[in-house]
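Asks: In the working numbering, the protein residues as written are 2 to 387. Backbone N, C-alpha and C define an ideal beta-carbon position, used for all residues, glycine too. Remember, it's a predicted structure, so these values are computed and weren't measured experimentally.
1) Whole angstroms is fine: what's the gap from residue 319's alpha carbon to residue 238's?
2) How long is the line joining the alpha carbons of residue 169 and residue 161, rounded to whole angstroms?
3) Span of the beta strand (DSSP E) holding residue 44?
4) Taking the alpha-carbon positions, what's the residue 310 to residue 202 distance?
5) Can you give the Cα-Cα distance for residue 375 and residue 23, rounded to whole angstroms?
6) Would you tell me roughly how many angstroms separate the C-alpha atoms of residue 388 and residue 27, rounded to the nearest one?
7) Around the Cβ of residue 382, are there at least 16 other Cβ atoms within 10 angstroms (buried) or fewer (exposed)?
8) Quick one: grab the DSSP three-state call for residue 135.
9) Closest by CA to residue 261, which one among 89, 272, 242, 117?
10) Should residue 140 and residue 124 be called a contact, given that it needs their Cβ atoms to be closer than 7 Å?
11) Please report the straight-line C-alpha distance between residue 101 and residue 19, rounded to a whole angstrom.
12) Grab me the residues of residue 31's own chain with a C-beta within less than 6 Å of its C-beta, minus the 5 sequence neighbours each way, in chain order.
13) With C-beta atoms as the reference, is residue 138 less than 7 Å away from residue 46?
14) Let me know if residue 306 comes out buried or exposed under the rule of 16 or more other beta-carbons within 10 Å of its beta-carbon.
15) What residue does the beta strand (DSSP E) around residue 128 start on, and which one ends it?
16) Report yes if the C-beta distance between residue 106 and residue 88 is below 7 Å; otherwise report no.
17) With DSSP as the reference, label residue 101 as helix, strand or coil.
18) For the stretch 335-352 against the stretch 48-55, do three or more pairs of beta-carbon atoms, one drawn from each stretch, fall closer than 8 Å, so that the two count as touching?
19) Can you give the Cα-Cα distance for residue 9 and residue 379, rounded to whole angstroms?
20) Looking only at its own chain, which residues have a Cβ that is under 6 Å from the Cβ of residue 193, when we skip the five neighbours before and after it?
Here it is as structure tokens:
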């Protein structure tokens with residue numbers, strides 16, 4: 002037998018020789034702990050599980066507006082929603098409201114509201130669970146030497162506190178969302194009115210530009226002018242050939258020569274009119290086609306004006322939908338939280354755990370008694386050796 006085994010056997014024999022003391026102390030500790038567990042305040046815990054409201058995002062609306070890339074404008078993420086819920090739950094306003102509603106100043110025997118709030122915070126628990134849900138718990142203690150009626154009151158109070166928290170949370174969160182929706186509605190209303198004015202202004206600029214430059218459809222007008230100009234020019238060339246033949250055939254004062262000359266002159270005037278500038282004060286006649294030399298500049302300016310009208314139109318469509326959505330959001334009165342598990346009246350006490358208490362204190366009594374026996378034996382052995 003080695004040294005360690007020998008020491009173990011010696012300690013075992015020593016403890017066995019004092020078994021009466023050890024058993025007595027353990028029994029005393031167990032009995033006292035059992036009595037203590039019966040008279041100390043009992044704690045009842047009520048719990049509720051809620052699902053945070055879904056984040057509000059405008060992606061659904063934006064997806065219906067082609068060409069717009071506003072991203073997550075006025076959107077709210079799930080984390081921000083959860084943070085808002087926890088901020089409301091832990092707020093001083095929430096705590097004071099619970100204390101006043103449930104009369105906890107008297108129950109906690111606090112001197113003032115602030116002390117009662119501190120006591121309440123120690124008996125409330127808010128947790129963000131892995132599933133994404135939020136747990137709300139309230140602990141209520143019975144008095145020392147409580148009876149059955151005290152236990153019933155504690156159970157009911159724990160349930161009432163959790164239910165009140167859920168009700169108050171929904172009310173405060175709804176108020177915050179309504180205020181936010183009102184601010185958004187006022188902002189959208191202002192931008193909506195501005196968008197109407199901007200759209201009307203851009204449409205008016207386009208209309209005036211088209212009237213001043215005769216550019217209802219610049220590309221089609223230019224093609225038509227080129228086609229007509231080509232026809233007139235070809236007719237002039239044909240008439241010039243005819244005139245050359247007539248000059249060689251007849252005298253210069255021949256009626257046919259005069260007629261053909263007048264026709265060529267008229268055609269040349271028509272061809273010149275195709276490149277006529279409507280701002281020229283010499284010839285104030287209205288011309289259907291834009292001046293050829295100004296077509297590139299007119300086309301660029303027309304594209305800019307048309308693009309501005311298109312931008313303002315899409316912005317107007319976006320703001321119209323957002324404005325209507327903000328009015329609906331402001332007027333809605335639906336619950337803002339989803340309760341998965343209601344707060345039910347607890348049947349079993351949460352604390353004390355009597356079995357654990359008795360076993361724990363009995364073990365502590367055994368360890369302390371064993372140490373006492375060992376020290377006592379060492380002391381006795383030392384005196385004998387002396």
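Replies: Looking at the atomic coordinates:
1) In the chain shown, counting from the first residue as 1, residue 319 sits at position 318. In the chain shown, counting from the first residue as 1, residue 238 sits at position 237. Our two residues, residue 319 and residue 238, have alpha carbons roughly 57 Å apart in a direct line.
2) For this step, residue 169 is matched to residue 168 along the chain shown. For this step, residue 161 is matched to residue 160 along the chain shown. Approximately 12 Å, taken between the alpha carbons.
3) Start at 1 with the first residue of the chain shown, and residue 44 comes out as number 43. Its beta strand (DSSP E) spans residues 44-52.
4) Indexing the chain shown from 1 puts residue 310 at position 309. Indexing the chain shown from 1 puts residue 202 at position 201. Whole-angstrom Cα-Cα distance: 9 Å.
5) Position 374 of the chain shown holds residue 375. Position 22 of the chain shown holds residue 23. The C-alpha of residue 375 lies about 12 Å from the C-alpha of residue 23.
6) There is no way to answer for residue 388, as the model of the chain reaches only from 2 to 387.
7) Position 381 of the chain shown, counted from the start, is the residue given in the question as residue 382. Exposed, since its Cβ has fewer than 16 Cβ neighbours within 10 Å.
8) Along the chain shown, one-based indexing puts residue 135 at 134. DSSP, read as helix, strand or coil, puts residue 135 in strand.
9) One-based indexing of the chain shown puts residue 261 at position 260. Here the closest residue by C-alpha is 242.
10) Within the chain shown, residue 140 is the residue found at index 139, counting from 1. Within the chain shown, residue 124 is the residue found at index 123, counting from 1. Taking 7 Å as the cut-off, the beta carbon of residue 140 is found closer than this to the beta carbon of residue 124.
11) Translated into positions along the chain shown, residue 101 becomes position 100. Translated into positions along the chain shown, residue 19 becomes position 18. One C-alpha to the other measures close to 58 Å.
12) Stepping through the chain shown from its first residue, residue 31 is reached at position 30. 359, 363.
13) Here residue 138 is taken as the residue at index 137 of the chain shown, counted from 1. Here residue 46 is taken as the residue at index 45 of the chain shown, counted from 1. Yes, the pair counts as a contact, with Cβ atoms nearer than the cut-off.
14) In the chain shown, residue 306 corresponds to position 305, counting from 1. Buried is the call here.
15) Your numbering for residue 128 matches position 127 in the chain shown. Start and end: 125-129.
16) Along the chain shown, read from residue 1 onward, the residue named residue 106 stands at position 105. Along the chain shown, read from residue 1 onward, the residue named residue 88 stands at position 87. Not in contact: residue 106 and residue 88 (Cβ atoms no closer than 7 Å).
17) Within the chain shown, numbered from 1, the residue matching residue 101 stands at position 100. Note: residue 101 maps to helix in three-state DSSP.
18) The stretch 335-352 vs the stretch 48-55: in contact.
19) Reading the chain shown from its first residue, position 8 is the one you call residue 9. Reading the chain shown from its first residue, position 378 is the one you call residue 379. Cα to Cα, residue 9 sits roughly 15 Å from residue 379.
20) Start at 1 with the first residue of the chain shown, and residue 193 comes out as number 192. The residues 320, 324, in chain order, have a CB closer than 6 Å to that of residue 193 in the same chain once the five nearest residues on each side in sequence are set aside.
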